[in-house]
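Protein sequence lines, in the order shown, are assigned to chains A and B.
Numbered continuously in the working numbering, the first sequence closes out at residue 197.
Numbered continuously in the working numbering, the second sequence closes out at residue 394.
Cβ atoms here follow ideal geometry from the backbone N, Cα and C, with glycine treated the same way.
Inspection log for the structure reproduced underneath, given as structure tokens.
Protein chains: 2
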Amino acid sequence: MAVSKLTLAATSGKSCKILLGLRLLAFSATLSAAIVMGLNKETKTFIVGKVGNTPIQATFTAKFDHTPAFVFFVVANAMVSFHNLLMIALQIFGGKMEFTGFRLLSVAILDMLNVTLISAAANAAAFMAEVGKNGNKHARWDKICDRFATYCDHGAGALIAAFAGVILMLIISAASISRLVQPNKCCSTTASPSVVP
Amino acid sequence: MAVSKLTLAATSGKSCKILLGLRLLAFSATLSAAIVMGLNKETKTFIVGKVGNTPIQATFTAKFDHTPAFVFFVVANAMVSFHNLLMIALQIFGGKMEFTGFRLLSVAILDMLNVTLISAAANAAAFMAEVGKNGNKHARWDKICDRFATYCDHGAGALIAAFAGVILMLIISAASISRLVQPNKCCSTTASPSVVP
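Below, the structure written as structure tokens:
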């Protein structure tokens, strides 16, 4: 009897570490997405005309906050990073507090809300980036990535990080929902995994 | 003892009906969003130039599949409608099958995946519609809703239905996650709510 409980404690300790690892990965993915997109800016000078033989130059800047979908992207990734940071702190330092049904339930619902948010932001930005890359001939919207290549490359990097965050958050959300069915007590890493009597 | 179990059966019967009602609402919201956007098309003729005094006319058509975000919107709303239809059928006709932990867990995870999908599609389409309505002066993308007002109105209607679907799916997902903590047996409406012994 004691042996099976020992194995339960061992596996639940291991699954908590995996969940903690996933949260750390998700935190770094969404935080880097928010930072890379938030700092994404490129300034370029183009020749826009000629007066006689003298070319007329104009300077243009591409910045993330020129596109509402990218502003939403930065805000949402920052919020989800904060959520994961909170959950990580809860798991590491919240060891003494009992992981009761209600606590697990709120973590599961919060995770679901955050995966909904990050998936909305990543997809809105992705479809907007697609228009920036390919344009839309029906709406006569020209592509911009032929003139602002660095800006688009950085944007693509932020999108990849954000979609990695979406996948990680889907796994984390499914895991925290599953924990409700077998509520193994996610012991904190500081407290030694107590053998369940 | 029997009285408290009777009240449990009564409340669980009621909560199942509410969940069923929410699913029916979500189903109609996402289905109408998919249909309205899928059929969204407007053809107009504009004067695009003059040769001498004779105006040159050209006919333009705005269709949902001219925009990848709207194609994603129609597909995602159709998928979430199908998911809800399946869950409704399961709840109505699946009465005899025991709602065990695993069944409730898979319903909760499926609901989470579907709210993630519908939120991605609704937000991607919303930000694209915003560009259609207001244009983007930085990218020099002109708005199109001044010329295709009906097309944009129908698109707005589909978006409102889809966001209603997102809110309903958030509530449904939270409810199906909460059911894992108090797994009241969601009895089917056909079988009379059996009194839990």
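Span separating the alpha-carbon of residue i from that of residue j
i	j	result
Lys241(B)	Ala358(B)	26 Å
Gly329(B)	Val271(B)	18 Å
Cys16(A)	Leu228(B)	39 Å
Asp343(B)	Lys137(A)	17 Å
Pro252(B)	His351(B)	30 Å
His66(A)	Gly38(A)	11 Å
Ala331(B)	Glu239(B)	The sequence shown places Asn at residue 331(B), rather than the Ala named in the question. Asn331(B) and Glu239(B): Cα-Cα distance of roughly 19 Å.
Val152(A)	Ser316(B)	Correcting the residue identity first, residue 152(A) is Cys in this sequence and not Val. If I take the Cα positions, the gap works out to 25 Å.
Trp338(B)	Glu327(B)	11 Å
Ala319(B)	Ala353(B)	11 Å
Thr150(A)	Ala336(B)	15 Å
Ile215(B)	Leu310(B)	21 Å
Leu104(A)	Val36(A)	33 Å
Ser373(B)	Ala34(A)	31 Å
Leu86(A)	Met79(A)	11 Å
Phe93(A)	Phe82(A)	16 Å
Leu219(B)	Leu314(B)	18 Å
Asn274(B)	Ser303(B)	20 Å
Leu221(B)	Ala29(A)	37 Å
Phe102(A)	Phe257(B)	57 Å
Ala58(A)	Ala255(B)	34 Å
Val393(B)	Leu217(B)	Per-residue confidence for Val393(B) stands at a pLDDT of 30, beneath the threshold of 50, marking its modelled position as unreliable; the derived number appears in the next sentence. Going from the Cα of Val393(B) to the Cα of Leu217(B) covers about 21 Å.
Asn237(B)	Asn40(A)	35 Å
Arg248(B)	Val51(A)	Going by the sequence as given, residue 248(B) is Val instead of Arg. Those two C-alpha atoms are separated by around 30 Å.
Residues of its chain near residue i, where Cβ-Cβ distance is below 7 Å and the 5 sequence neighbours each way are ignored
i	result
Ala26(A)	Asn84, Gly165, Leu168, Met169, Ile172
Ser389(B)	Per-residue confidence for Ser389(B) stands at a pLDDT of 40, beneath the threshold of 50, marking its modelled position as unreliable; the derived number appears in the next sentence. None.
Environment of residue i [buried if 16+ CB atoms lie within 10 Å]
i	result
Lys382(B)	Annotation note: pLDDT 49 at Lys382(B) (below 50); position unreliable, no value reported.
Asp111(A)	buried
Ser385(B)	In this predicted model, Ser385(B) has a pLDDT of only 42, less than 50, meaning its place in the structure is not dependable enough to derive any value.
Ile244(B)	exposed
Gln288(B)	buried
Ala286(B)	exposed
Val312(B)	buried
Asn53(A)	exposed
Contact set for residue i: own chain, Cβ-Cβ below 6 Å, skip 5 residues either direction
i	result
Ala266(B)	Ala321, Ala322, Met325
Ile144(A)	Gly132
Phe345(B)	Glu239, Ala259
Ala158(A)	Ala33, Val36, Met37
Phe163(A)	Ala122
Gly246(B)	Ile253
Where residue i falls: helix, strand or coil (DSSP)
i	result
Phe60(A)	strand
Phe243(B)	strand
Asn333(B)	strand
Thr116(A)	helix
Lys238(B)	strand
Thr264(B)	coil
Val233(B)	helix
Val166(A)	helix
Val181(A)	coil
Leu20(A)	helix
Residues that residue i contacts on chain B, provided the C-beta gap is smaller than 9 Å
i	result
Leu170(A)	Met309, Leu310, Thr313
Glu130(A)	Pro265, Ala266
Nonlocal neighbours in the same chain, by C-beta distance under 8 Å from residue i, ignoring five residues either side
i	result
Val71(A)	Phe64, Asp65
Ala108(A)	Ser173, Ser176, Ile177, Arg179, Leu180
Lys211(B)	none
Gln379(B)	none
Met198(B)	Low confidence applies to Met198(B): its pLDDT is 48, below 50, so where it sits in the model is not reliable enough to give any reading.
Chain A residues whose Cβ lies nearer than 7 Å to that of residue i
i	result
Phe279(B)	Residues of chain A passing the Cβ test: none, with the nearest at roughly 19 Å.
Neighbour list for residue i in chain A, Cβ cutoff strictly below 9 Å
i	result
Asp339(B)	Ala139, Arg140, Trp141
Ile232(B)	By Cβ distance, chain A contributes nothing, its closest Cβ being about 21 Å from Ile232(B), past 9 Å.
Within chain B, partners of residue i - CB distance below 7 Å
i	result
Ser32(A)	Correct list: empty, because the minimum Cβ distance to chain B is about 20 Å.
Ser173(A)	Met309
Ile207(A)	No statement about residue 207(A) is possible, as the shown extent of chain A runs from 1 to 197 and does not include it.
Cross-chain neighbours of residue i in chain B, by beta carbon under 8 Å
i	result
Val181(A)	Gly298, Phe299, Leu301, Leu302, Leu377
Ser119(A)	Thr313, Leu314, Ser316, Ala317
Ala149(A)	None at all; the shortest Cβ gap to chain B is about 15 Å.
Asn77(A)	Near Asn77(A) there are no residues of chain B at all, since even the closest Cβ is about 14 Å away, more than 8 Å.
Closer than 8 Å: residue i CB and nearest the ligand MG heavy atom
i	result
Asp65(A)	This structure simply doesn't include the ligand MG, nor any ligand for that matter.
is_contact[residue i, chain C] using C-beta, thresh 9 Å
i	result
Phe93(A)	The structure shown contains no chain C; the protein chains it does contain are A and B.
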